[in-house]
Amino acid sequence: MIEKIRNFINGKPWLGWALASVILIGAIVMYYSLSGGGGKYASSRMAEQVLIRCTETGDEWTMTRGLLEKSLRGRGDTVDGSVGLINPKTGKATGFPIDSSWKEMITRINKEKEEIKAGGGVRRHK
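Each number in the numbering used here corresponds to the 1-based position in the sequence shown with 1005 added.
If you want it as structure tokens, here you go:
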């Protein structure tokens, strides 16, 4: 069986090169897709420390971007951008990230939640 395949490819060398090219392209695609690629949800981005400042007291604390997004995703169907993160000292939702990613993050999370809801991606048990 292997001898037949070898003879067939030896008779048509372009086929061997085409097969090798497909395998190489597949390996490159797998490498970039599994390595994170530096997208919105790359592990390096989710591990970044985000500085949070309380609008009421001025206290500052840090948390990873991954925990920040996880806390926002657990807020129900839509995320209200005017409600901040819980201040660990006061227990009030008055903390907001200092960087300018807050509005973009809220918009993206709400959009993803809508897409999941529209596609039936989440099933709720009653």
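Glycine is no exception: its CB is placed at the ideal position from the N, C-alpha and C atoms.
The structure presented is a predicted model; accordingly, all values stated were derived computationally and were not measured.
message: For Val1055 and Asn1092, what's the separation of their Cα atoms in angstroms?
response: 14 Å
message: Could you give the first and the last residue of the continuous alpha helix (DSSP H) run that contains Ile1057?
response: Note, Ile1057: premise wrong, no alpha helix (DSSP H); beta strand (DSSP E) at Gln1054 to Cys1059.
message: Let me confirm a value: Leu1077 is counted as buried when at least 16 other C-beta atoms fall within 10 Å, else exposed. Which label applies?
response: buried
message: I'd like the span of the alpha helix (DSSP H) that includes Thr1112, first residue to last.
response: Trp1107 to Gly1124
- prompt: Can you tell me where the alpha helix (DSSP H) with Ala1025 in it begins and where it stops?
  reply: Pro1018 to Leu1039
message: Taking the straight line between their C-alpha atoms, what separation do you get for Gly1007 and Ile1028?
response: According to the sequence displayed, residue 1007 carries Ile and not Gly. Distance between the alpha carbons of Ile1007 and Ile1028: 19 Å.
Helix, strand or coil at Gly1096 according to DSSP, with G and I counted as helix: coil
field: Backbone secondary structure at Met1051 - three-state DSSP
entry: helix
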